[in-house]
C-alpha cells in the first residue's frame, strides 16, 4: 500500500490540537476516503498509527484513539472480517480503562457495536467483555456531558443488541446502571437513562429475580425526577422537550409492576401538592401505570386514590360558572382545566379495573351523601350558594363519568342513586297497569329541586351515551332486562309528565335559565331513548312534542327557552330518522311540521314571522322528508303572497313575501346545495315562478315594489344557479316561451346588423320611458335566469335576446346589462371547434353588441340639441358612450352597460376588453376645456368636440369599479362565470400605466380629478401584493384618490378599502421607499382623515397608519410633528372608543420622538 | 449605598376579572361612546410600580372602582391606594398617573388624583394638597 507520507500528514494534522477544527475535519475526511477507496486497509492504518496510540502523551493518545473511532463511525457499511473486528473491539474494550482517552474508546465501541450483521459484527463474547470493562472502569457521573451521553448510548446499545449476554451479568449490571444514572441532570442524558431503565426491566422479567431487591433503589432514583420540571428557560434545551422527558419517565415507571409499592404512594403524595404541574403529571402517570401494575396491586390503593381524586376534582373547579348562553356545556358550566380532565380519565381507568371496589367507595362516599341530603333545602338553581353549586357540579360530573364507564357500573349507580332522586322529586313508580295517567295535580313549585333534576339528567345522559356508544362500536349490546333499564321504565312515565308540566307555560317565567336548561335537556333525553330499551307510548310522545311546540309558539320572548326547545325538537326529529317507528314519525310530522307550516300564511299568531321562519327551517334540517314537506308548504305561501301582491294589489303581503323569498335564498337553497340531491325542488321552484308570471302579467293591477322584485330575482337566480344543465334548459325554454308570447318585448324582425327602430316597437324614442311593469317583471326575471345559466346551457334565439338586453339596458335596467355580461362571458368560441350550445358564437355576439346601431337620431326628437351633430346617422354603443347623442341619462346607461359587458370579457380574458377600456378612458378625458392635447384628439378622433357632463364622467370612472370588484349579483362562481385566474392582476398592470400617463398629460383639472377616481377604484380592488410591488408609482396617485373619495359620503366604503391598501403598503418592506418619498403628503392626508366624520373605521385606520410613520427618519418627520399631535389630540375626544384608544397609542409614538413635554 | 425599598416584598394579586362592556355597534356611525371609568382604567393599568416590575393593577394600587369619570363635566378623579402605609413613592405614583392621564385624555379634562383615605400616613398634609 502506497501513500504513507500523505497519510502521515493527515494523521499528524488530526492529532495536533493546535490545528483548527476545520483542518482536523478535512484530514479526517481524507483518511476516510483513503480507506474507503481501498488505498489503505484499516490494519495498515492502525499499524501506521501505533506510536500515536501507545504514546504516554495523554492528548495525542486520546486524539489518536478518536481518529480510529471516528473512522470506524464513518465506515459502518464497509465489510470487516472477524479477526479485524475482534482485534479492534478488543483494543477499544481495553481503552475503556484509559480515562484520559475515553472519548475515542466510547465512540469506537459504539461504532463497532452498531454495525449491521452483513458487514461483520462484534461477537457475543466480545460484547460481554465490553460490558464488563464498562462496569469495571467507567465512573459515568464523573464525566463531562458529552461523554456521559456516549456512555448512556453505549449502554443502551449493549442492552438492545446483546440482551442475553448483558443479562448474564446479573446484579452487577443492575448496580452499575443504578450508579451510572444516579444524579444525572442533563435532559438528553436523562432521556437515555430512562430508556435504559425501561430496557433493563425487560431483561429481568422474573419478579423474584435479581431486579427485585433493586426496585426500591431504582424507583427512588426515578422518583427524584418526578414531576419533570425544567429550571432553565425553555429555549435552551430545544432538542429535548419536557413532554418527551416526562413520557420517557412515565414509561420507565410503568415498566414493571414491581415498582408499584414505591411509585403509587409517591404519585398520591404529589397529587396533594399545590403545584398544578405535579397534579397533572401524577394523574397522567397513575392512569398510565394502573393497567400495567394490574388490578390486584392497584386494589390496595383504591381508597387513597378515590379520596385524592375527589379532592383534585373539587379543588380544580374554582372558576365561577360562565353565563348560560353557550349551548353545549359540561355539567353546570364550571370551568374545567387539565387537572379535571386527567382526573376523570384516571377515575375511568381505575373504575374499569376494580369496578366493585371503586363503585362501593363512591356510593358510600360521605360527601356525595351530604350533597344528596342537602338537595331538598334548595328549590331553584339561583337559591343554591356558590359552594353548593360547585359541589353539585363535581358530584354530577363524577356520576356522569362513572355511570358511563360500562354497563355494570351503570346498573350499580342507577340502582343506588336513581330511586333516591325520584324520592326527592316525589315521582312515583308507574302503577302496574301501565296506563298513562297524567298527574295534573303534580304541583312542582316546591318539589322540583334543582339538584335532583340536574343529577337525574346527568345519570340519564350518561346511560343514553353509553347505549349509543355501544351501538356505534357494536360491542356488548345492552338488553332491556338490565337493571337500569327496568328502573328507568318504572319511572319514565311519571318523570316525563313531571318534566312536561314544569315546562308548561307559566312555570317558566319564574325559573332560572339553568333550571330550564336541564328540564329541556331531561325531556329531550327521555324522548330520544332507543325504543327497544324505553318504549314510550304514542300519546306520551305526542305530549312531549306538544309541550315543546307550545314553547315555540308562545314563549318566544324567553329567548333561551325558545332556542333550547327548538334544538330539542330538531334533535328528536333527527333521532326518529335513525330508529324509525312510523307511528312516532307520523306524529312528529303532524304535531310539529304540519302545525308550524299551517301558521305561515296567517299573521294572527303572536309569534313574529322571522322567528317562525327560523323555527321552520331548523325543524326542516332534522330530516329530508321534513324539509321536503316544509319546502312545499313554504313555496305555496310564497306564491300565494306574491299573487296576492301582483294580482290583487294587496301590499300588506309584500313584507311577508320578501321574508319568505329571503328564507329560500339564504337558508333553503344553500341547504339543498349542501345535500346535493334535491334538484327537482329547485327546478320546480323556477318553473313555478314562470307559471305564475303569466297570471301576474294578466292582471290589471300595477304594483311597483322594487324590493319584492329584487328578492324574487335573487331567489330565482339561486335556484337556477344550483340546477344542472338539463334542468336549466327546461327552465330557459319555459321562460323563453313566456317572453316570446309577450309581443311588446321581442322585436321579431331583428337582424344581425341593425335594428330599424320603429317608434311603436322598441319605444326607444325616449330613453326615460321604461317598460310597463309587466314587461319589466318578465324581462328582469328572464335576465336572472340568463345570469345564473351554466356555460353549456342552451339559450334559444341568442341574437334576439341580445337585442332585447341591449335595448333594455339603455333604458337603465342594470340587470339586463349584467345578463348581457354573463352571456358574453359564457358563450362558446366559434374557432375552438367544440360544439357550440347556442346558435350564436361569441364573436358574433360581440359584433352585434358593438356594431348594432340601436339609436337612430332621426327618432331622437326629445333632445333636440343633438340634431346638428348627428343628423341622420346611425349610432353604435361606443358612440353613445362618448356622447354622440347629447343625452346624459342615455349616456350613463350606456356606460354602465358597457362596464358589465366589459366585466364579462375581462373575466374570460378576452382581448376585446381593451376596446371597452379605451372607450371608458375616452369618456374620462373628453371635456370641453380649451387646448385639447394631442392624445385626447387621437382618442377622440371620431367624436365631436363637446362637453361631457360630470355625471357621465363619474359613471365612466365608476365603471372601473364594476370591472374590478367582485359582484354578488352576477359573474361569480356561484353563477358559473368563466373566470380566468389572475385577471385582476392582468387588468391592473395593463390599465394602471395608461391611467398614470393620462394623469400626467391631462391639462384639465376636472379630467384629472376623474382619472384619480378611476385609478383609486382600480387600486382598491387589486390584490395587495401587486399594488405593493408597484408602490413607488402608485402611491402618489393613491393619495390623490384618498382625497377624491373622501369628498362624498357615498364613497365611504371605497375610501376605507383604499386606506387599507395604503396601510398594506405601509407595513410591507417593499413599500418603504415609496413611503419615504411621499412622507409629507401621506401624513397630510392621514391627518385630514382623522376627522373624517362618516366612518369610524376610516378614522381608526388613519390613526393606525400614522403609528408606523413615526418610525421614519427623524429629520424627515420632525417638521410634521406638531401638526400630527394636534390632529391626534382632537382624536382623543372622538365619540368612538376604538378611535380614542388608537389615538392614545399613536400619540405616545409621536410624542416620544422628541420632547418630554406632556403636550408637544 | 444600598437602596432600601419602601415595600420590599409587595403582595401581587391575580388580575381581577374585568367588567365587560357590551360590544360596540358597528352599524351606527353616529353612536357616541362616552369616556367611562373602564376606559380610564385601561390607560392606567399597565403603569409599572416605581419600585417593582409589577403593574399598578397587579399590586391593586388602582382599581376600576376607584375611578370616577363624568364625561359631560370633563372631570376625572382617580383614587389610588399605596401598597404600604408609609410608602414614599406615593407622590411618584400620583405624578405618573397624572402624566399618563394628561397624555391620554382630551385637553378639556380636569384630572384629580387622590390617595385613598386611611391608606397613607401623611395623606392629609402632603398628598392631597398637591
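Residue numbers (UniProt numbering), protein chains in the order written: chain A, 1 to 1160; chain B, 1 to 130. Even for Gly, the Cβ is constructed at its ideal location relative to N, Cα and C.
Does any CB atom of chain B fall closer than 8 angstroms to the CB of residue i?
i	result
residue 1133(A)	yes
residue 345(A)	no
residue 1147(A)	yes
residue 326(A)	Note that residue 326(A) has pLDDT 45, beneath the 50 cutoff, so the model's placement of it is unreliable and the number below is only indicative. Chain B, which has no Cβ nearer than 8 angstroms to the Cβ of residue 326(A), makes this no.
Comparing the C-beta of residue i with each C-beta of chain A, is any distance below 8 angstroms?
i	result
residue 55(B)	no
residue 39(B)	yes
residue 78(B)	no
residue 112(B)	no
residue 117(B)	no
Report the neighbours of residue i on chain A: residues whose CB is nearer than 7 angstroms to its CB, in chain order.
i	result
residue 32(B)	1135
residue 29(B)	1094, 1095 and 1096
Quick one: Cα of residue i to Cα of residue j, how far?
i	j	result
residue 916(A)	residue 881(A)	10 angstroms
residue 13(A)	residue 55(A)	17 angstroms
residue 576(A)	residue 594(A)	16 angstroms
residue 363(A)	residue 397(A)	14 angstroms
residue 1003(A)	residue 925(A)	10 angstroms
residue 244(A)	residue 46(A)	41 angstroms
residue 1162(A)	residue 641(A)	Shown here, chain A extends from 1 to 1160; a query on residue 1162(A) therefore has no answer.
residue 226(A)	residue 278(A)	8 angstroms
residue 139(A)	residue 44(B)	59 angstroms
residue 1011(A)	residue 626(A)	57 angstroms
residue 573(A)	residue 533(A)	19 angstroms
residue 468(A)	residue 402(A)	16 angstroms
residue 326(A)	residue 618(A)	Confidence in residue 326(A) is poor, its pLDDT being 45 and thus under 50, which makes the residue's placement unreliable; the coordinate value appears in the next sentence. When rounded, the distance between both Cα atoms is 18 angstroms.
residue 1060(A)	residue 1101(A)	7 angstroms
residue 995(A)	residue 966(A)	21 angstroms
residue 290(A)	residue 146(A)	36 angstroms
Our contact map puts residue i next to residue j with C-beta atoms below 8 angstroms; I'd like the distance itself, whole angstroms only.
i	j	result
residue 421(A)	residue 452(A)	5 angstroms
residue 1017(A)	residue 961(A)	4 angstroms
residue 893(A)	residue 812(A)	5 angstroms
residue 459(A)	residue 418(A)	6 angstroms
residue 1086(A)	residue 1106(A)	5 angstroms
What residues from chain B crowd round residue i, counting only those whose CB sits closer than 8 angstroms?
i	result
residue 1144(A)	43, 103 and 104
residue 1151(A)	103
Please compile the residues from chain B whose C-beta is within a distance smaller than 9 angstroms of the C-beta of residue i.
i	result
residue 1129(A)	106 and 107
In the DSSP assignment, the beta strand (DSSP E) including residue i goes from what residue to what residue?
i	result
residue 113(B)	110 to 115
residue 79(B)	75 to 80
residue 70(B)	67 to 70
On the DSSP letters alone, give me the boundaries of the alpha helix (DSSP H) that residue i sits inside.
i	result
residue 220(A)	215 to 223
residue 843(A)	842 to 851
residue 402(A)	386 to 403
residue 629(A)	624 to 646
residue 901(A)	888 to 908
residue 99(A)	Taken as a continuous stretch (DSSP letters only), residue 99(A) belongs to no alpha helix (DSSP H), as it is neither H nor E.
residue 1117(A)	1114 to 1117
residue 374(A)	366 to 374
residue 997(A)	983 to 1001
residue 1005(A)	1005 to 1021
Is residue i near the ligand ATP - that is, is its Cβ less than 7 angstroms away from at least one heavy atom of it?
i	result
residue 378(A)	Annotation note on the ligand ATP: not contained in the displayed structure, which lists no ligands.
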